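Be aware that the sequence shown starts at 2, since it is given in this note's numbering, and climbs by one per residue.
Glycine included, every Cβ here is placed at the ideal spot set by N, Cα and C.
All values reported here derive from a predicted model rather than from experimental measurement.
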Amino acid sequence: MIITTIKELRTYLDTHRQSGKTIGFVPTMGFLHEGHLSLIRRAKAENDIVVMSDFVNPTQFAPNEDFESYPRNIEQDEQLAVGAGADIVFYPSVQEMYPTDSSTFVEVMGDITKVLCGASRPSHFRGVTTVVAMLFNIVQPHRAYFGQKDAQQAAVLIKMVNDLHMNIELIVCPIVREEDGLAMSSRNIYLSADERAQAVVLNQALLKAKAAFENGETDVQKLIGIISGKINEAPLAHIDYVNIYEYPSLKTTEEIGAKALAAVAVKFGKTRLIDNIILKNKCN
Ligand code: PAF
Numbered sequence: 002m003i004i005t006t007i008k009e010l011r012t013y014l015d016t017h018r019q020s021g022k023t024i025g026f027v028p029t030m031g032f033l034h035e036g037h038l039s040l041i042r043r044a045k046a047e048n049d050i051v052v053m054s055d056f057v058n059p060t061q062f063a064p065n066e067d068f069e070s071y072p073r074n075i076e077q078d079e080q081l082a083v084g085a086g087a088d089i090v091f092y093p094s095v096q097e098m099y100p101t102d103s104s105t106f107v108e109v110m111g112d113i114t115k116v117l118c119g120a121s122r123p124s125h126f127r128g129v130t131t132v133v134a135m136l137f138n139i140v141q142p143h144r145a146y147f148g149q150k151d152a153q154q155a156a157v158l159i160k161m162v163n164d165l166h167m168n169i170e171l172i173v174c175p176i177v178r179e180e181d182g183l184a185m186s187s188r189n190i191y192l193s194a195d196e197r198a199q200a201v202v203l204n205q206a207l208l209k210a211k212a213a214f215e216n217g218e219t220d221v222q223k224l225i226g227i228i229s230g231k232i233n234e235a236p237l238a239h240i241d242y243v244n245i246y247e248y249p250s251l252k253t254t255e256e257i258g259a260k261a262l263a264a265v266a267v268k269f270g271k272t273r274l275i276d277n278i279i280l281k282n283k284c285n
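Have a look at this one:
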């Protein structure tokens with residue numbers, strides 16, 4: 002069932018909450034793929050009611066980015082979401098979420114939002130935390146589900162939930178990949194056939210770094226060099242960033258300690274893809 006207004010959604014959820022039901026929440030920007038569906042299935046397995054939001058959030062796009070052209074297909078999304086176990090698809094308009102007099106933002110400060118995608122997209126995380134805080138306020142879920150593919154987003158949202166003492170459990174689920182290893186993304190649809198074939202290099206490069214790490218290489222600059230070298234083998238790939246930080250703090254490190262995030266953003270033509278891998282020290 003699609004619900005488009007905050008009032009109607011609150012009324013529906015209040016009834017269920019009062020009868021002791023747990024609510025799982027999967028925020029999305031729609032154009033669903035298997036990655037989103039895996040989150041819905043997990044939410045359904047762990048909660049009585051599952052709400053999926055389908056909202057392309059304007060505040061997380063910079064003026065030069067793809068907000069207008071971002072792929073949308075609500076009919077297909079509803080069918081897929083319900084098939085995977087969603088009870089409600091919350092599909093608000095921009096006006097419903099951001100009435101014209103809206104002027105409040107939620108922002109996580111510090112390195113965590115300044116590095117990686119925060120460096121290339123300076124206003125992005127402020128838009129993400131603002132809309133997710135709004136959605137959490139509207140849905141008031143017991144648990145919310147996010148994909149590891151947006152590892153920095155997950156780290157930022159965990160920080161927001163902790164800092165604001167929100168009573169919500171955040172669950173970060175594994176990246177879902179195509180058979181050849183490309184991480185699923187709504188933006189993969191933009192790739193030409195050649196770009197799509199070469200985009201597999203992101204995962205290959207990260208796996209190469211993981212293998213080196215497991216063979217004892219802990220020097221961050223050397224591991225970054227391994228990843229960049231492999232990506233540069235693909236002629237259509239243009240690196241936006243390749244970096245490694247402690248995870249989940251996203252603090253700078255020269256040597257990998259307990260847990261680090263190796264993350265990449267690479268442009269193929271106009272399409273910017275991200276991917277990552279966690280490097281975890283087995284001794285910790
Ligand atoms: O990951 C996304 O699709 C979006 O950033 C989110 C969390 C739905 C907020 O708009």
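If you run the structure through DSSP and keep just helix, strand and coil, what is residue i?
i: residue 23; result: coil
i: residue 191; result: helix
i: residue 45; result: helix
i: residue 38; result: helix
i: residue 95; result: helix
i: residue 166; result: coil
i: residue 121; result: helix
i: residue 176; result: coil
i: residue 214; result: helix
i: residue 183; result: coil
i: residue 102; result: coil
i: residue 262; result: strand
i: residue 78; result: helix
i: residue 15; result: helix
i: residue 198; result: helix
i: residue 235; result: coil
Take residue i and list the residues in its own chain whose beta-carbon comes closer than 6 angstroms to its own, dropping the five residues that flank it on each side.
i: residue 15; result: none
i: residue 359; result: Outside the shown range of the chain, which is 2 to 285, sits residue 359, and nothing can be said about it.
i: residue 257; result: 219, 280
i: residue 206; result: 228, 231, 232
i: residue 102; result: none
i: residue 187; result: 32, 72
i: residue 182; result: 201, 204
Do you know how far the Cα of residue j is from the Cα of residue i?
i: residue 32; j: residue 52; result: 16 angstroms
i: residue 137; j: residue 217; result: 42 angstroms
i: residue 22; j: residue 114; result: 35 angstroms
i: residue 125; j: residue 116; result: 12 angstroms
i: residue 46; j: residue 20; result: 19 angstroms
i: residue 111; j: residue 87; result: 35 angstroms
i: residue 253; j: residue 243; result: 13 angstroms
i: residue 214; j: residue 150; result: 20 angstroms
i: residue 107; j: residue 139; result: 15 angstroms
i: residue 122; j: residue 63; result: 7 angstroms
i: residue 261; j: residue 12; result: 43 angstroms
i: residue 231; j: residue 179; result: 19 angstroms
i: residue 273; j: residue 246; result: 21 angstroms
i: residue 163; j: residue 84; result: 33 angstroms
i: residue 211; j: residue 142; result: 35 angstroms
i: residue 152; j: residue 159; result: 11 angstroms
i: residue 3; j: residue 234; result: 45 angstroms
i: residue 169; j: residue 282; result: 29 angstroms
i: residue 40; j: residue 173; result: 9 angstroms
i: residue 209; j: residue 189; result: 22 angstroms
i: residue 161; j: residue 36; result: 23 angstroms
i: residue 1; j: residue 166; result: Since the first residue shown for the chain is 2 and the last is 285, residue 1 is missing from the structure and cannot be characterised.
i: residue 72; j: residue 57; result: 9 angstroms
i: residue 96; j: residue 241; result: 33 angstroms
i: residue 226; j: residue 263; result: 12 angstroms
i: residue 222; j: residue 276; result: 18 angstroms
i: residue 250; j: residue 119; result: 14 angstroms
i: residue 184; j: residue 129; result: 21 angstroms
i: residue 79; j: residue 236; result: 38 angstroms
Does the beta carbon of residue i fall short of 7 angstroms from some heavy atom of the ligand PAF?
i: residue 30; result: yes
i: residue 153; result: no
i: residue 199; result: no
i: residue 133; result: yes
i: residue 58; result: yes
i: residue 129; result: yes
May I ask you to list the residues that DSSP assigns as paired with residue i?
i: residue 145; result: 26, 171
i: residue 253; result: 246
i: residue 267; result: 240, 274
i: residue 116; result: Paired residue(s): none; residue 116 is not in a bridge.
i: residue 53; result: 27, 90
i: residue 281; result: 260
i: residue 220; result: 256
i: residue 3; result: 90
In chain order, what residues of the same chain have a beta carbon less than 8 angstroms from the beta carbon of residue i, not counting five sequence neighbours either side?
i: residue 105; result: 131
i: residue 74; result: 31, 32
Between which residues of its own chain and residue i is the CB-CB distance below 7 angstroms, once the five residues before and five after are set aside?
i: residue 81; result: 33, 38
i: residue 133; result: 28, 158
i: residue 192; result: 200, 269, 272
i: residue 148; result: 36, 40, 174, 176
i: residue 42; result: 85, 86
How about residue i: is its Cβ closer than 7 angstroms to a heavy atom in the ligand MG?
i: residue 61; result: Absence of the ligand MG is noted for the structure shown, with the ligand PAF being the only ligands found.
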